[in-house]
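Have a look at the structure below before the remarks.
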Amino acid sequence: MVARDHPGASLLYHDIVPRDQNESTGIVTDGSWRYKIPPDSFRAHLDRIVASHYEVQTLPAADVDRPLLLTFDDGGVSCAETAAPLLKEYGMRGHFFVITGRIGEEGYLDRHQIRTLADDGHHIGSHTVTHPNLRELSPVDRRQELRESKRELEQLFDEECISISIPGGFVDKKVIADVFEAGYEFAFVSEPRYLPKSMSDCPLGRWNMWHDTTADDIKAILDRNLRTRLQIQGRWYALKMVKRLVGQHRYEWIRSPFVSQD
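If you use our numbering, the sequence shown corresponds to residues 223 to 484, in order.
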């Protein structure tokens, strides 16, 4: 089936954690705080989602008018300690994408926590073994990352792992081809776009949630506000071009002096 435009959406979160505890969960780099959201802000997001006409779903999403997928990358321990309990309060379930090589490390989910999330109805997917730039790997190493993380999660749950989130949004046609060749049915990327009607066998865009994303921002995204869409998409494509020209590490080095946590 050809993918068609559909009024569904997917939101991309990472860690839900108080600002003064950003380094306690998930990936910790000079710029990782930008992706970590305080619990009060996340609660405001959920309140706004409840007021919307969207239905929070998990894969494979039911055939509803406006499916909304809540996704969480990296597998930081805040997924179990903060995000999941808040989702439970609202009767919602999320998608948690785990870096399998970091399971049980400090700041990351352990095997028991992952099983508990799955038992509570949340969707568990792969975020590769080591969180590499898949575009830069050799074909052999890339397939190893994709297949090994899938295999480990399938052993953990004794069921098929059908989804993956591509680390860093580093994706091209070769990466996507290898993803589906490895047996995944759903592949999430970080490009800000709405969900197609047919969600399998094509990259699924997501709207990134930042440390300062407000409930009004959520409303604008879900309402498909044209100005908001153009602003977010324009910024994303501009940053993508810069990253391609200078590389991720140099891009972060250039950007850091102009951004603060205040």
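Just so you know, even glycine gets a beta-carbon here, dropped at the ideal spot from N, CA and C.
Tell me, which residues are paired with residue i by DSSP?
i, result
"Gly-485", "As shown, the chain starts at 223 and ends at 484. That puts residue 485 outside it, with no answer to give."
"Glu-277", "Pro-289"
"Gly-298", "Tyr-330"
"Leu-452", "None; Leu-452 has no bridge partner."
"Val-320", "Asp-296 and Ser-348"
"Leu-426", "Phe-410"
"Lys-258", "Asp-237"
Just curious, the beta strand (DSSP E) that residue i is in, first and last residue?
i, result
"Gly-347", "345-348"
"Ile-386", "385-387"
"Ala-409", "408-410"
"Phe-392", "It is not in any beta strand (DSSP E) - Phe-392 carries neither H nor E in the DSSP assignment."
Out of the options, point me to the one whose CA is closest to residue i's CA.
i, options, result
"Arg-446", "Gly-248, Val-411 and His-275", "His-275"
"Asp-332", "Ile-249, Ser-420, Ala-302 and Ile-454", "Ala-302"
"Val-351", "Ile-325, Tyr-235, Asn-430 and Ser-246", "Ile-325"
"Asp-438", "Phe-410, Ser-300 and Arg-265", "Arg-265"
"Gly-343", "Phe-318, Glu-277, Phe-408 and Asp-262", "Phe-318"
"Gly-297", "Tyr-312, Pro-289 and Arg-337", "Arg-337"
"Arg-451", "Gly-329, Ser-371, Glu-413 and Leu-375", "Glu-413"
"Arg-364", "Lys-310, Gln-243 and Ala-399", "Ala-399"
"Pro-289", "Asp-295, Glu-277 and Leu-281", "Glu-277"
"Asn-244", "Pro-261, Leu-233 and Leu-234", "Pro-261"
"Leu-233", "Tyr-312, Gly-390, Phe-294 and Leu-375", "Phe-294"
Assuming residue i and residue j form a contact by the criterion Cβ under 8 angstroms, report the distance between their Cβ atoms to the nearest whole angstrom.
i, j, result
"Asp-287", "Lys-258", "Asp-287 to Lys-258, Cβ: 32 angstroms. No contact."
"Leu-444", "Ala-231", "6 angstroms"
"Ser-422", "Gly-329", "About 33 angstroms; that fails the 8 angstroms criterion."
"Val-362", "Ile-386", "Incorrect: roughly 18 angstroms between the Cβ atoms, too far for contact."
"Val-250", "Ser-300", "At roughly 12 angstroms, the Cβ-Cβ gap does not stay under 8 angstroms, so Val-250 and Ser-300 are not in contact."
Taking Cβ to Cβ, would you say residue i is nearer than 8 angstroms to residue j?
i, j, result
"Arg-357", "Val-397", "yes"
"Leu-487", "Ala-306", "Residue 487 lies beyond the range of the chain shown here (223 to 484); nothing can be said about it."
"Pro-425", "Val-393", "yes"
"Leu-521", "Ala-404", "Summary: the structure shown does not reach residue 521, with the chain confined to residues 223 through 484, and so no result is reported for it."
"Ile-321", "His-353", "yes"
"Ile-454", "Ile-271", "no"
"Trp-432", "Arg-315", "no"
"Thr-280", "His-334", "no"
"Lys-310", "Ser-348", "no"
I need the boundaries of the alpha helix (DSSP H) containing residue i, first residue and last residue.
i, result
"Ile-443", "437-444"
"Val-397", "395-403"
"Ser-371", "361-379"
"Val-250", "Taken as a continuous stretch (DSSP letters only), Val-250 belongs to no alpha helix (DSSP H), as it is neither H nor E."
"Pro-307", "306-311"
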